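K.L.:
First, the structure itself, so that you have it in front of you.
Numbering (UniProt numbering), first residue to last: 1 to 295.
Structure follows, in structure tokens:
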């Protein structure tokens with residue numbers, strides 16, 4: 001039996017010549033519009049780096065450079081020390097990904113399969129935290145890392161100031177829990193009868209079956225750590241250990257960097273995340289759809 005498809009335009013109208021033409025025109029226009037909205041800022045950034053500072057400062061902007069200067073990218077790489085800041089950012093992103101994966105998988109596994117007392121209350125509190133604006137949590141989080149309760153450690157200007165506050169991600173925990181809920185308990189019970197413990201069930205059964213959603217959570221964690229700006233700006237005050245976004249902002253505020261070099265730095269900083277998304281976009285879509293299908 002064919003499934004019923006509901007849309008603003010009926011199938012009969014789409015089969016008519018005029019309806020099909022209007023539908024294709026609207027669809028094509030919307031597709032072109034969305035492409036321009038998302039692609040044009042990237043194009044402006046890439047071409048702006050190859051313009052001269054004088055051309056960038058003109059009141060009438062130009063869509064393409066009158067004189068092409070691709071060497072600006074090399075100048076920006078050397079003058080802004082982009083390589084060092086990219087390595088800093090990559091280290092922070094990988095560390096944040098590792099901590100998020102460990103904490104979020106453990107929390108989701110406990111809430112989904114171990115069923116602790118008041119587990120629904122804990123999950124509800126986690127989801128409620130998503131309703132709070134991130135800016136509202138900056139002050140208490142900063143005070144916490146400036147002087148860790150009980151221990152009294154100062155984590156400012158250390159990677160721990162980035163890794164620990166972001167380890168427990170409520171959204172990732174919810175996505176992982178929903179996926180773990182779909183794994184049959186009979187499978188885990190059979191392995192438990194054979195003598196498998198809780199950790200062995202997680203390592204040998206849950207995680208291998210959860211590769212699609214783990215890929216999605218991993219990509220989100222890395223991208224989130226890479227593009228984060230406000231929190232690293234607060235906790236990484238020493239220039240040597242700053243991320244690429246914070247370093248570029250600091251250099252721009254000094255006034256010693258030209259606009260085209262700043263455009264080049266921004267373009268170089270965005271390349272790794274664009275490559276990651278292009279390579280793993282199918283994994284992102286498959287992982288998100290896998291969490292919505294029961295089977």
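Using N, Cα and C, we set each Cβ at its ideal position, and we do this for glycine too.
Just so you know, these numbers come straight off a predicted model, no measurement behind them.
At 3 residues or longer, and completely inside the segment 173-258: list those beta strand (DSSP E) runs for me, N to C.
P.N.:
Segments of the beta strand (DSSP E) lying fully in the segment 173-258: there are none.
K.L.:
May I have the straight-line CA-CA distance separating residue 90 from residue 271, to the nearest angstrom?
P.N.:
Along the chain shown, one-based indexing puts residue 90 at 90. Along the chain shown, one-based indexing puts residue 271 at 271. Their backbone Cα atoms lie some 13 Å apart in a straight line.
K.L.:
With DSSP as the reference, label residue 72 as helix, strand or coil.
P.N.:
Indexing the chain shown from 1 puts residue 72 at position 72. Residue 72 falls in the helix class under three-state DSSP.
K.L.:
Let's see if you can read the secondary structure: which residues bound the alpha helix (DSSP H) around residue 124?
P.N.:
To locate residue 124, count along the chain shown from 1; it is residue 124. Note, residue 124: alpha helix (DSSP H), 119-129.
K.L.:
Thinking C-beta only, is residue 218 closer than 8 Å to residue 297?
P.N.:
The first residue shown for the chain is 1 and the last is 295, placing residue 297 beyond what the model contains.
K.L.:
Would you call the segment 147-160 and the segment 206-220 touching, i.e. three or more CB-CB distances under 8 Å?
P.N.:
The segment 147-160 is not in contact with the segment 206-220.
K.L.:
Would you call residue 48 buried or exposed, if buried means 16 or more other Cβ atoms sit within 10 Å of its Cβ?
P.N.:
In the chain shown, counting from the first residue as 1, residue 48 sits at position 48. With 16 or more Cβ atoms within 10 Å of its Cβ, residue 48 is classed as buried.
K.L.:
Just mark residue 216 as buried or exposed, buried being the case when its beta carbon has 16 or more other beta carbons within 10 Å.
P.N.:
In the chain shown, the residue the question calls residue 216 occupies position 216. When all chains shown are included, residue 216 counts as buried.
K.L.:
Express the C-alpha separation of residue 250 and residue 241 in angstroms, rounding to a whole number.
P.N.:
Translated into the one-based positions of the chain shown, residue 241 becomes position 241. Translated into the one-based positions of the chain shown, residue 250 becomes position 250. Cα-Cα distance, rounded: 13 Å.
K.L.:
On the three-state DSSP scale, how would you describe residue 60?
P.N.:
Against the chain shown, residue 60 aligns to sequence position 60. Three-state DSSP puts residue 60 in coil, outside helix and strand.
K.L.:
Rounded to whole angstroms, what is the Cα-Cα separation between residue 200 and residue 258?
P.N.:
The residue you call residue 200 lines up with position 200 of the chain shown. The residue you call residue 258 lines up with position 258 of the chain shown. When rounded, the distance between both Cα atoms is 56 Å.
K.L.:
Please name the residue, chosen from 132, 129, 160, that lies closest to residue 144 on a Cα-to-Cα basis.
P.N.:
In the chain shown, residue 144 corresponds to position 144, counting from 1. Of the listed residues, the one whose Cα sits closest to residue 144 is 160.
K.L.:
With distances taken Cα to Cα, identify the nearest neighbour of residue 71 among 273, 264, 278, 279.
P.N.:
Numbered from its first residue, the chain shown carries residue 71 at position 71. Checked all of 273, 264, 278, 279; the closest Cα to residue 71 is 264.
K.L.:
Could you tell me whether the segment 109-126 touches the segment 171-188, using the rule of 3 or more Cβ pairs below 8 Å?
P.N.:
Contact between the segment 109-126 and the segment 171-188 is present, because at least three Cβ pairs lie under 8 Å.
K.L.:
If you draw a straight line from the alpha carbon of residue 83 to that of residue 32, how long is it in whole angstroms?
P.N.:
Along the chain shown, read from residue 1 onward, the residue named residue 83 stands at position 83. Along the chain shown, read from residue 1 onward, the residue named residue 32 stands at position 32. Rounded to whole angstroms, residue 83 to residue 32 spans 35 Å at the Cα level.
K.L.:
When burial is assigned at 16 or more other CB atoms within 10 Å of the CB, is residue 260 buried or exposed?
P.N.:
Walking along the chain shown from the start, residue 260 turns up at place 260. Residue 260 comes out buried.
K.L.:
With C-beta atoms as the reference, is residue 180 less than 8 Å away from residue 227?
P.N.:
Here residue 180 refers to the residue found at position 180 of the chain shown. Here residue 227 refers to the residue found at position 227 of the chain shown. No, Cβ-Cβ distance for residue 180 and residue 227 is not below 8 Å.
K.L.:
Using a Cβ-Cβ cut-off of 6 Å (strictly less than) and excluding sequence neighbours within five positions of residue 279, which residues of its own chain qualify?
P.N.:
Taking the first residue of the chain shown as position 1, residue 279 is located at position 279. Nothing listed; no residue qualifies.
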